[in-house]
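Chains as they are written, first to last, in the working numbering: chain Y, 41 to 564; chain B, 94 to 814. The beta carbon of each residue, even a glycine, is placed where N, CA and C say it ideally should be. These numbers were taken from a predicted model, which means no experiment stands behind them. Here is the structure we will look at, set down as structure tokens.
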Amino acid sequence: MDFINQNILSLILFSPLLAALVVLLLPGQNKDLTRRVAFALSLVPLVFTLIAWFGFGAAPEVDGFRMQEQHVWFPAINASYHLGIDGLSLSMVLLTVILTPLAILASFNVDDKVKAYMALFLALETGMLGVFLSLDLLLFFVFWEIGLVPMYFLIDQWGSKGGERQLWNGIKMPSRRYAAFKFMVYTMAGSLGLLAAIQMLGVVSGSFDLLALYQSWPALTGTLFGYEIGTVKAVAFWAFAVAFAIKVPIWPFHTWLPDAHTEAPTAGSMILAGVLLKLGAYGFLRLVLPLYPEQAQQYAPVLAALATAAIIFGAFSAFAQTDFKRLVAYSSVNHMGFVVLGIAAAAFAAGTESANIAVNGAVLQMFNHGISAAAMFFMVGIIYERTHTRNLEEWGGLFAIVPVFGALLILSSMASLGLPGLNGFVSEFLVVRGTWPIFTFYTALSMLGLLFTGAYILKGIAKTLHGPLNEKWRVAEGQAGHFEDVTRRELLVLSPLVVLMLWLGIWPAWLLDVINQAMLKIFG
Amino acid sequence: MTTEILIWLIPLPPLLAFFLILLFTRRNNALSHTVGVAAAAISWLLGMLVFMAALGVDHFGEHVFASAINWLPLADGFLSIGVMIDPLSAIVLFFVNWTVLMIFIYSIGYHNFGQPKGDHDHPGLPPHGAKDAKHPGHTVPSVEPMYARFFAFIALFAFGMYTLVVSDNLLTLFVGWEIMGLCSYLLIGFWYAKPSARDAAMKAFMTTRIGDVFMLLGIVALYAATGTLNFRDILYNAEVLDMLAHSPSFIGGLSLAGLISILLFIGTVGKSAQWPLHVWLPDAMEGPTPVSAMIHAATMVSAGIYMVLRMFPLISAGWHHGELTTAMTIMAFIGAFTALFAATIAVAQRDIKRVLAYSTISQLGYMIAALGIGAYVAAAFHLVTHAFFKALLFLGSGSVIHGVEHGVLHTGDHKVDPQDMFNMGGLKDKMPITFWTFLIGGLALSGFPLLTSGFWSKDEILADAFAHGHFAVFIVLALAALLTAFYTMRQITLTFLGKPRTKEAEHASENVPAMTVPLVVLSVFAVAAGWVGIPEHFPLIGGLLPNWFHHFLGGALLEHPSAVDFNWIPLIVSLVVALGGLGLGYLVYRNAGQTDPLRKALGPVYTLLENKYYFDELYQRIFVKPAQAFSENFSYRFLDGVVIDGLLHRAARGAMGLGLIFRNKFEGPVIDYAADLLARITQAVGRLLRILQTGQVQQYLLWVALVVFGGFFYYLLNILQ
């Protein structure tokens with residue numbers, strides 16, 4: 041027990057990687073066994089996280105972080121293996137370890153290169169967890185990049201088949217390759233600046249340790265490399281901000297997302313929307329705002345404007361879609377806009393009550409969006425698997441054939457829309473409440489996006505479930521083309537998500553309390 | 094304390110019923126409606142107990158029932174939520190209780206419980222009737238294919254309304270408000286396979302959502318300004334109200350109170366279907382009739398009025414019986430305008446439910462106008478009486494339609510629209526209970542003097558407008574009252590009086606007790622609900638019964654509103670318009686055929702009214718189509734596709750071009766030589782490595798993982814040393 045308690049974060053972090061290894065080393069080509077083992081092992085980090093969750097309050101707190109582990113890593117440049125959690129990272133870790141098993145369970149229908157698929161998923165989990173757990177900038181960056189690779193392969197190898205993307209001069213490219221490439225290169229492009237800025241911070245401060253940097257870097261005055269420190273900081277700020285902005289993604293860096301989501305396999309989209317997008321927002325909260333409070337405040341209005349653009353254009357573009365998966369993908373742009381809006385408000389007026397409420401809402405929205413976006417992508421996956429199309433125009437009236445699916449789709453859609461009583465509302469309300477006194481104009485403007493959230497959500501439901509039944513799908517049982525309602529496995533994937541939607545909608549205090557305490561620490 | 098627990102419990106039975114039906118009993122119709130009705134009955138009982146308890150408290154307005162718990166941990170404190178029953182919510186609870194229970198019971202009959210399953214019935218479409226087993230060749234009504242689901246949905250609806258009523262704060266009120274929005278969407282689109290129902294459901298949701306987003310802003314603005322959303326802390330607190338009334342907002346000239354009031358009021362404009370957001374309500378008739386009653390009387394639209402009634406102290410903050418506040422002026426204008434505007438449309442509708450829909454809009458306009466001129470008690474009074482008689486009328490119209498559907502099944506001519514009043518006539522004798530109760534409801538709506546509740550509440554609004562010198566409002570409302578009486582009598586005459594105009598109407602028949610009993614119960618209230626609010630100085634009968642309503646409800650406000658002095662002029666006007674309208678309606682329509690006599694008389698004006706002033710077409714053209722075009726062409730294709738991705742692709746092209754230059758100019762001549770040498774070595778190594786390179790991703794991964802782990806263990810070893 042002592043060993044577990046002292047290394048709990050490392051156990052959470054590396055158990056998925058270990059699981060990946062086990063999956064790879066499984067003897068034989070029994071696909072079913074591979075799936076089951078992968079799923080069972082993916083529950084291990086969940087168990088460790090629950091242990092951490094319940095031990096969190098009792099664990100001693102040092103500089104705002106609990107359960108810290110620090111070991112020598114690169115002593116020459118003062119980078120260490122330093123892990124630690126606060127309420128912010130804990131809630132994100134929880135989200136990750138909940139969604140990964142569900143994504144694996146959702147992928148039981150993947151039949152191609154199962155071992156590699158499952159191993160990549162588990163490796164991806166370690167990458168994501170590492171970002172949330174690292175308290176060392178270099179370590180952070182390493183995990184940040186590690187997360188990219190598995191996702192690239194998942195999209196490129198297991199993505200949707202068919203479809204071509206026109207580039208220039210008539211050059212064409214398979215859609216999923218295009219999407220995977222765009223995802224990879226775009227994020228890497230952002231990472232370049234991030235890496236450079238991290239190096240600079242490390243060199244100037246003589247340490248990559250976040251706790252040390254929190255103290256020294258914002259307080260730095262004078263000149264650096266012959267420039268005013270403010271200028272240097274502003275440049276570094278933008279290097280950080282752009283890297284994270286691409287990941288979130290903040291408008292106008294968002295166009296990789298609809299492509300990646302649309303082409304990724306169902307479970308890939310679940311994780312991509314559920315967790316990977318949160319890495320960007322997490323970067324803002326963990327690094328940008330605490331390290332560059334002045335610059336963040338100075339540029340917060342820009343951030344708020346872009347967030348508002350994401351909310352509005354995200355909603356409009358979602359409304360324009362005929363591909364259901366693309367519609368859901370754009371809904372992520374729209375919803376993550378609220379996260380960024382909350383963050384911008386917190387950056388602008390750190391320390392005020394409204395800022396606290398806004399950033400609480402933003403973090404809760406990260407969690408909530410993870411839940412409902414994963415559910416939505418899975419719902420799309422279910423119907424795609426049965427009808428082999430994602431085109432909204434080809435469905436219609438399916439409610440009569442698949443009533444349980446219909447009910448769950450409506451529920452997830454409503455959670456995504458932010459219906460009061462379900463999770464999304466609480467966080468959106470808090471963000472709107474928090475930003476109203478700070479960015480009144482942008483908050484008011486973002487209501488246009490909220491209105492059109494309704495439009496695209498209803499469009500999705502109406503075109504899928506409602507209206508006259510498309511006769512193509514009226515196939516008697518036993519004949520080719522007939523399809524069943526939601527299966528037990530699918531229900532198993534959805535039920536934890538549904539429970540969380542209701543639970544967080546009705547009683548979010550258990551999570552919000554953890555978040556709130558962290559936000560009070562970070563933003564006073 | 095015990096009463097507070099009862100209040101907490103009120104919304105729960107319907108919520109429980111919703112889950113029970115959906116999860117467990119959905120395959121069993123009898124069990125499902127038992128669960129639904131039982132839940133409504135329990136809530137009814139709890140509500141009645143609370144109401145009785147409220148009656149037993151002296152100065153109830155000062156000693157309300159309230160209880161709260163901490164909900165959201167925020168910053169250093171909590172956002173708490175809770176329940177509260179004060180005079181206003183007690184009264185609303187009373188009518189919601191009764192109407193909801195009646196609607197639940199009525200639904201059993203309306204959805205043909207106990208009838209056989211239809212031969213051609215599909216989920217998502219209304220039942221088409223089934224072959225009669227006993228009488229070959231006959232068709233009988235068939236049971237609704239989604240019977241259980243209906244009860245689940247209206248149970249959730251009731252939950253939303255109860256949540257809204259018992260809330261002690263704006264946030265949970267908004268929760269109930271939005272849950273009702275979802276339910277109205279689900280229920281208007283209950284027969285989802287009908288494109289018209291699907292579209293109506295979306296229209297209802299989207300139109301009310303326009304109001305909702307403004308309301309949300311109002312809520313956060315209020316929260317930001319006062320640090321709380323609790324009604325008592327804000328509305329029963331002179332200090333806070335004064336502060337809000339005297340702090341300027343960012344919009345020039347408006348006080349904070351004014352801005353917040355207007356934002357919240359826009360929510361009501363959507364929910365209570367006021368002009369210009371009225372368009373969804375008539376289309377909402379696509380839902381089953383009990384739903385119409387639920388939306389139009391018991392819950393949704395009443396919720397909108399309830400909210401502004403609740404916020405009245407804020408809306409009127411800074412009003413000292415002289416000049417109206419900005420928010421009040423806006424409300425008076427929109428309310429009065431809507432009252433008249435909707436009444437004119439109602440005159441030219443053929444569909445029995447659509448007439449009622451426009452009449453609802455118009456009557457809600459009355460209440461808004463009343464609040465706008467500060468007639469708080471009168472507005473609430475009209476809300477209560479209207480809820481009863483409008484629920485009665487809707488259920489009655491459902492009964493009529495159901496009866497005529499019998500006729501349609503009998504003749505087998507499905508082209509005959511059973512909702513078109515011009516296909517009816519003479520139903521008085523076929524459906525006596527429906528007729529008499531509908532007549533009572535209709536007279537109450539018209540404000541038939543003395544007997545009906547509608548008279549007392551409408552008269553009070555007119556009297557108040559007159560007494561305080563709001564003559565424009567007075568005249569507009571009086572005109573609307575005239576039209577109301579007229580179209581109501583038109584409706585009664587066309588439907589029930591005269592001779593049947595079609596075979597279907599000839600074969601219409603009265604409905605089962607599950608449908609008629611609720612009609613009788615509601616008609617009692619449609620009459621008697623008015624007696625609790627008879628002005629004290631009314632000629633002859635004034636003072637016989639105490640004006641209980643005024644005293645009781647007045648206590649909900651910090652400053653008790655004073656009753657207006659009696660004046661003959663508004664009374665006479667109110668008598669003239671009610672009786673005149675009714676008489677005129679009868680005269681014009683008593684011998685009507687299949688066309689409307691007014692069509693000739695009014696000419697193009699009639700066409701304009703018939704088409705609802707073309708608002709649907711207008712909105713389609715100036716909002717819906719442009720929004721679609723904007724999203725598809727601008728936001729998606731142009732902005733994302735051409736501009737942003739165009740830039741990205743250009744950058745990618747540039748990078749590729751740069752790469753080519755490097756390859757041709759630098760790499761070839763300079764590096765290749767060195768590289769050739771290197772290549773040979775590499776080749777040799779490559780041959781060795783080929784053993785590893787099987788082309789299988791698993792294998793690669795294995796190597797990756799091994800390397801990672803090698804590093805990991807190396808580091809572990811380091812620590813251990």
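Not one beta carbon of chain Y lies nearer than 7 Å to the beta carbon of residue 213/B.
With three or more CB-CB distances shorter than 8 Å, the segment 295-310 of chain B counts as touching the segment 261-274 of chain B.
Judged by DSSP secondary structure, residue 213/B falls outside any alpha helix (DSSP H); it is assigned neither H nor E. Closest in C-alpha terms to residue 658/B, from the list 758/B, 552/B, 481/B and 479/B, comes 552/B. Nearest CB-CB separation between residue 728/B and chain Y: below the 7 Å threshold. DSSP places residue 174/Y in the strand class (E or B) of the three-state scheme. Residues of the segment 276-308 of chain B with a Cβ closer than 9 Å to any Cβ of chain Y, in chain order: 278, 279, 282, 285, 286, 287, 288, 290, 291, 292, 294, 295, 298, 299, 302, 303, 305, 306 and 307. With 16 or more neighbouring CB atoms inside 10 Å of its own CB, residue 454/B falls in the buried class. About 19 Å separates the Cβ atoms of residue 381/B and residue 252/B, ruling out a contact at the 8 Å cut-off.
Nearest to residue 448/Y by C-alpha distance, out of 89/Y, 422/Y and 329/Y, is 422/Y.
The segment 346-354 of chain Y and the segment 428-440 of chain Y do not touch, with fewer than three beta-carbon pairs separated by less than 8 Å. Of all C-beta pairs linking the segment 79-87 of chain Y to the segment 135-145 of chain Y, three or more are shorter than 8 Å, placing the two stretches in contact. Rounded to whole angstroms, the separation of the alpha carbons of residue 390/B and residue 205/Y is 54 Å. The residues 366, 369 and 370, in chain order, have a CB closer than 7 Å to that of residue 298/Y in the same chain once the five nearest residues on each side in sequence are set aside. Close to residue 295/Y, with beta-carbon spacing below 9 Å, are these residues of chain B in chain order: 733, 734, 737, 738 and 741. Shown here, residue 304/Y sits in coil according to DSSP, grouped into three states, outside any helix or strand. In the structure shown, residue 422/B falls within a helical segment according to DSSP collapsed to helix, strand and coil. Per DSSP, reduced to three states, the secondary structure at residue 270/B is helical. DSSP places residue 337/Y in the uninterrupted alpha helix (DSSP H) bounded by 333-359. By the neighbour-count criterion, in which 16 or more other beta carbons inside 10 Å mark a residue as buried, residue 413/B falls on the exposed side. Listed in chain order, the alpha helix (DSSP H) elements of length 4 or more contained wholly in the segment 112-198 of chain B are 122-148.
Note: residue 106/Y is bridge-paired with 101/Y and 125/Y in the DSSP secondary-structure output. At a beta-carbon threshold of 7 Å, the residues of chain Y lying near residue 725/B are 360, ordered along the chain. Residue contact check for residue 67/Y against chain B: no CB pair falls below 7 Å. Listed along chain B, the residues sitting closer than 7 Å to residue 473/Y by beta-carbon distance are 313, 316 and 317.
Any Cβ of chain B closer than 7 Å to the Cβ of residue 487/Y would place that residue at the interface, and such an atom is present.
At a cut-off of 7 Å between beta carbons, residue 397/Y contacts chain B. Distances from the CA of residue 464/Y to each of 53/Y, 58/Y, 264/Y and 537/Y were compared; the closest alpha carbon is that of 537/Y.
Residue 708/B and residue 372/B have their C-alpha atoms some 7 Å from each other.
7 Å or more divides the Cβ of residue 566/B from the Cβ of residue 471/B. For residue 271/B, the C-beta contacts it makes with chain Y under 7 Å involve 459 and 460, in order along the chain.
Per DSSP, the continuous alpha helix (DSSP H) segment holding residue 332/B begins and ends at 331-339.
Residue 692/B: not part of any beta strand (DSSP E); member of the alpha helix (DSSP H) spanning 690-695, first to last residue. Closest in C-alpha terms to residue 129/B, from the list 201/B, 660/B, 521/B and 420/B, comes 201/B. Contact annotation: in the segment 371-400 of chain B, no residue has its CB less than 8 Å from a CB in chain Y.
At least one CB of chain B lies nearer than 7 Å to the CB of residue 357/Y.
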